[in-house]
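Only one structure is covered here, and it is reproduced in the block below.
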Amino acid sequence: MMGGYGDVKLLKDDGSRLDGRKVDEMRPVSIQAGVLPAADGSAMVTHGLNVAVAAVYGPMEAHPRKIQRQDRAVIDVRYNMAPFSTSDRIRPGFNRRSREISKVTAESLESVVLVERYPRSKIRVEIEILAAEAGTRCAGITAASVALADAGIPMRDMIVGVASGKIEDTVVLDLDKAEDNYGQADLPVGILPNTGEIAFLQMDGDLSPEEYELAMEYNFKAANEIHEIMVEALQRRYDGGEA
Amino acid sequence: MSQGQAGAEQRLVTPGMAVGSSAGKRAGSGIIAKENDFIATQLGWLRERNNTVSVDPINAAYMPRSGDLVVAVVAEVRNNLWFMDINGSFQGLLPMSLAPWKVEFGAARQHMDVGNVVLARVQEVDECHNVVLTMKGVGLRRLNQGAVEPVPVQHIDRLRGENNALLQRLRDVCDARIMVGENGRVWIDASLDGIALARKTIRRLVAEGHMTTFDSILSDIESNKKGDA
């Protein structure tokens with residue numbers, strides 16, 4: 001693992017990955033809705049070794065007033081990685097990466113939330129990454145979607161965050177830490193599973209058009225699987241009489 | 244909505260879920276029409292009544308409407324007005340001209356201070372969510388005693404029942420004065436036992452309301468009370 005880019009063997013001879021998964025296999029995902037009693041809506045997503053907790057507050061009056069929009073609500077997202085979320089301690093507080101992820105998450109959520117229902121308001125979304133192992137922005141956006149639904153915020157659809165990428169010239173679904181660090185490409189996507197629309201798409205590295213098509217095929221397949229888990233989590237919270 | 248709600252038969256829907264064809268039906272709250280389908284926009288129980296499909300949300304914020312009776316708490320006092328917490332996204336404004344007393348400029352605090360609870364009515368709401376309250380009207384007053392119990396706004400209609408029938412039964416069984424604010428706050432004035440019983444009953448409605456009817460919860464409480472007597 002120490003040799004750097006190109007030196008690391010990420011696929012076994014039988015074609016499987018280092019953790020034993022097939023190329024189109026996702027890490028195990030579990031979701032729990034309503035984990036924080038003080039929030040209007042909340043959710044915890046465990047995706048492989050990633051643990052993301054999202055809390056939603058509002059809609060509330062937007063402060064400071066300069067951020068108010070007279071015709072719609074603004075979504076204020078704060079993504080943060082806990083200092084103990086990785087093997088090297090992370091310096092607490094905002095940094096350039098967390099600002100970027102907060103911004104893309106807010107913009108993608110604004111595309112599904114019916115923001116025009118709440119003029120001059122703010123919907124605050126807090127995403128805290130408790131444990132990180134590649135794919136935290138996807139886990140965070142999935143958690144935020146479930147938390148928004150749990151808070152009763154009207155939305156056109158829920159966004160599912162998934163990623164695929166390329167290792168050793170092979171397209172694989174859901175990169176783990178080693179694959180993310182030493183792989184050739186990473187393609188995180190926010191998918192609206194009911195409509196098939198894409199709310200955000202980022203790409204790190206290079207993919208040919210054919211590889212991109214395959215990566216997106218994997219992403220859509222995984223998004224549908226995760227969406228079922230999201231719906232089950234919400235139904236489990238309320239259908240069982242825990243409302 | 245009335246007590247005729249059989250929660251166990253209802254279907255829980257999540258945002259983005261297709262809930263059926265829109266042919267010959269109208270989209271109610273929590274539903275948008277897309278091409279020939281209805282799509283749920285909120286987490287809640289699907290309801291179809293009078294050819295209208297809607298979602299009874301499990302959680303929802305209070306959206307004030309003109310004419311709503313609200314239980315408000317004074318949040319800020321200025322020389323000539325009060326800012327009221329109405330359990331919504333925005334505070335309501337009560338100008339001294341709409342208070343039930345003759346208020347001198349600068350003397351607003353002598354009549355109501357921060358933390359006081361009042362029964363008020365929403366006079367006006369504009370498209371930017373500016374809310375003006377009034378306390379001029381029959382029964383609108385400062386609430387000097389009793390307790391305030393929060394109730395999710397989506398349970399308010401269920402708590403009242405048709406023509407306030409269930410609310411009246413609750414008042415009778417708890418021997419209490421109860422005022423239900425549209426903003427998800429219920430004011431209860433009774434003996435300590437009465438307040439405790441009313442709170443217990445309301446909390447049970449909130450917890451079990453989607454699985455049973457308030458009617459059956461009340462009957463249960465009434466029979467328990469008779470048994471105790």
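Going line by line, the protein sequences match chains H and W.
Each step along the first sequence adds one to the number in the numbering used here, with nothing skipped, and position 91 is 91.
Every number in the numbering used here is 243 more than the matching position in the second sequence, counting from 1.
Each residue gets a CB set at the ideal place from its N, CA and C atoms; glycine is no exception.
Computed from a prediction, not measured in an experiment: that's the story for all the values here.
Here the alpha carbons of Ala82 of chain H and Gln366 of chain W stand approximately 47 Å from one another.
Taking Ala55 of chain H as the centre and dropping the five residues before and after it, the same chain places the C-beta of Leu36, Ala39, Ser42, Glu126 and Ala147 closer than 7 Å to its C-beta, in chain order. Looking only at W:Val449, W:Leu448 and W:Ser309, the smallest Cα-Cα distance to Asp369 of chain W is reached by W:Ser309. Tyr118 of chain H belongs to the set of residues whose beta carbon lies under 8 Å from a beta carbon in chain W. In the same chain as Val29 of chain H, and ignoring 5 residues on each side of it, the C-beta atoms closer than 6 Å to its own belong to His47, Ile226 and Ile229, in chain order. DSSP places Val314 of chain W in the strand class (E or B) of the three-state scheme. Inclusion of Arg385 of chain W and Thr377 of chain W in the CB contact set at 8 Å is not warranted, their separation being larger than that value.
For Tyr57 of chain H, the uninterrupted beta strand (DSSP E) run begins and ends at Asn50 to Glu61, by DSSP.
Neighbours of Leu192 of chain H in chain W, taken as residues whose beta carbon is under 9 Å from its own, are Gly259 in chain order. Among the residues of the region 288-300 of chain W, those with a Cβ less than 7 Å away from any Cβ of chain H are Pro300, in the order of the chain. When beta bridges are read from the DSSP output, Phe348 of chain W appears opposite no residue. Linking Leu114 of chain H to Glu197 of chain H through their CA atoms gives a straight-line distance of about 16 Å. With a beta-carbon spacing of about 18 Å, Tyr238 of chain H and Ile274 of chain W fall beyond the 8 Å limit used to define contacts. For the 8 Å CB-CB criterion, Val313 of chain W and Gly389 of chain W do not form a contact.
Measuring C-alpha to C-alpha distances from Val23 of chain H to each of H:Met155, H:Asp13 and H:Gly140 identifies H:Asp13 as the nearest. Going by beta carbons, Ser332 of chain W and Ala303 of chain W fall outside the 8 Å limit. At a cut-off of 8 Å between beta carbons, Thr444 of chain W makes no contact with chain H.
Rounded to whole angstroms, the gap between the alpha carbons of Asn406 of chain W and Asp463 of chain W is 21 Å. Collapsing the DSSP output to three states places Leu413 of chain W in a helix.
Gly183 of chain H and Arg78 of chain H have their C-alpha atoms roughly 28 Å apart.
Secondary structure note for Met44 of chain H: its beta strand (DSSP E) is the uninterrupted segment Gly41 to His47.
For Gln334 of chain W, the closest of H:Lys221, H:Pro59 and H:Asp88 by C-alpha to C-alpha distance is H:Pro59. Going by DSSP, Arg442 of chain W is part of the alpha helix (DSSP H) stretching over Leu435 to Glu451.
Among the residues of chain W, none has a CB under 8 Å from the CB of Arg72 of chain H; the nearest is roughly 11 Å distant.
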